[in-house]
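When the letters of the sequence shown are read in order and numbered with my numbering, they come out as residues 84 to 468. By construction, the Cβ of each residue, glycine as well, lies at the ideal position given by its N, Cα and C atoms. Beneath this line is the structure, given in structure tokens, with notes to follow.
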Amino acid sequence: MPSRVPSLRMLRSFFTDGSLDSLGTSEDARSKRHSTSDLSDVPFSAVRKEGWLHCKQILTKKGKAEDREDMLAWIKVIRENSKAEGEDPGFASQALINKKLNDYRKVSPAGAKPDSSPKGSRGLGIRAEFLKQTGTSAPRSPRQDAAVTKDESSSQKAPWGINIMKKNKKSVPRAFGVRLEDCQPAADNKNIPLIVEACCKVVEDRGLEYMGIYRVPGNNAVVSSLQEQLNKGATEINLQDERWQDLNVISSLLKSFFRKLPEPLFTDDKYNDFIEANRIEDASERMRTLRKLIRDLPGHYYETLKFLVGHLKTIADHSEKNKMEPRNLALVFGPTLVRTSEDNMTDMVTHMPDRYKIVETLIQHSDWFFSDKEDKGEKVSPAPP
């Protein structure tokens, strides 16, 4: 706390015109009549009684603080007593202190004792140290406030914008390991995957009389290469590619597609119903039950099953040459088509005969199972034996 306080008249005069020069001039005459001891005898109680609004100038009797430490001491006193009087310290620091600190820098005597603090801390300046003590921040212009607000809003919006872009980014349709409805669709029928249509076309064009078609496996490396290419989202398939010339590779590619479906062609929720229907002793009832279950399959699954069974029926019609009767085709496709997504060894062993029989029955009577007569209101023919 400073050892001396300015006289009340001097402070009132200073706050009237706000000038250090006028304060010093008006005080020259008084300094002739009053000694330093007279000013020093003014108690703080008298100043507080008069009111601190008249005593917020950081001065000694000569009109300015003696040095930096003296200045900071006055600031501390003003701050503490402003709080005691219930006054807003932020107002004092920004409305008045800032102005007087600037005046202090202009009129500060050259002979003031230097600050012994390190240069790093001195760089803060008196104003910065005062703001640090009072816990207030430096005043900013409206332009600065707008810039800060803009930066904060942009920083908050950036992640949101990126997430929206990610959500709106359309994923490329894949061919293997995805549900039927997520596969790249064929051009002629949107409910059939492109890969299924392409493979069946290649086999029917060049492999109807190829002995052991679908039974002889193709080269695994070439099959994997085609899978990778199709998974990149190819909208068209170049059937002239050398890899598409090997019938065993194409037949293995088709079997791999159905084997990797996350939701099997006969669907998980209807798997047990198909197994039970196949075990019905009455042949006509068994056929009608199987037909109803097939008609209840979801659109993509029904259309794909209809397309595939028609293709296998075409292969079986040339069994004299290719040696692939309905029974042989069922042995190849039964475990692949009629299964669950989490197939276990127990089901594979106990249900294997049912899987073979279901596929064989569909191939043998494909026209009846997938007839549209019932949908058109026409009477469907009796179930075959």
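Proximity of residue i and residue j at Cβ, strictly below 8 angstroms
i      : j      : result
Asn355 : Asp437 : no
Asn331 : Val286 : no
Phe357 : Val421 : yes
Ile275 : Phe452 : no
Cys282 : Leu348 : no
Thr419 : Asp430 : no
Gly393 : Ser449 : yes
Ala413 : Glu443 : yes
Glu280 : His401 : no
Ile296 : Ile398 : yes
Gly301 : Asp329 : yes
Residues bridged to residue i (per DSSP)
i      : result
Cys283 : According to DSSP, which records beta bridges pairwise, Cys283 is partnered with nothing at all.
Arg342 : Partner(s): none; Arg342 has no beta bridge.
Pro276 : Pro268
Arg472 : Shown here, the chain extends from 84 to 468; a query on residue 472 therefore has no answer.
Arg257 : Cys266
Segment limits, alpha helix (DSSP H) that includes residue i
i      : result
Val504 : Nothing can be reported for residue 504: it is not among the residues displayed for the chain, which extend from 84 to 468.
Trp451 : Ser449 to Phe452
Thr372 : Ala366 to Arg378
Ile358 : Asp351 to Asn361
Asn321 : Unbroken run through Asn321: none, as it is neither H nor E.
Glu401 : Here residue 401 is His; the residue named in the question, Glu, does not match the sequence. Neither: His401 is in no alpha helix (DSSP H) and is coded neither H nor E.
Pro418 : Pro409 to Leu420
Leu348 : Per DSSP, Leu348 belongs to no alpha helix (DSSP H) and is neither H nor E.
Asn303 : Asn303 to Asn314
Cβ distance (whole Å) where residue i is taken to contact residue j below 8 angstroms
i      : j      : result
Gly260 : Pro345 : 7 angstroms
Thr387 : Leu277 : 11 angstroms between Cβ atoms; not a contact.
Ile446 : Leu395 : 5 angstroms
Glu313 : Ala258 : Reading off the sequence, residue 313 comes out as Leu, not Glu. Their Cβ separation, rounded to whole angstroms, is 4 angstroms, which keeps Leu313 and Ala258 in contact under 8 angstroms.
The region 371-378 contacting the region 398-412, beta-carbon criterion three pairs below 8 angstroms: Fewer than three Cβ pairs drawn from the region 371-378 and the region 398-412 lie within less than 8 angstroms of each other, which leaves the two stretches out of contact.
Three-pair Cβ contact test at 8 angstroms for the region 377-389 versus the region 292-312: No, they do not touch.
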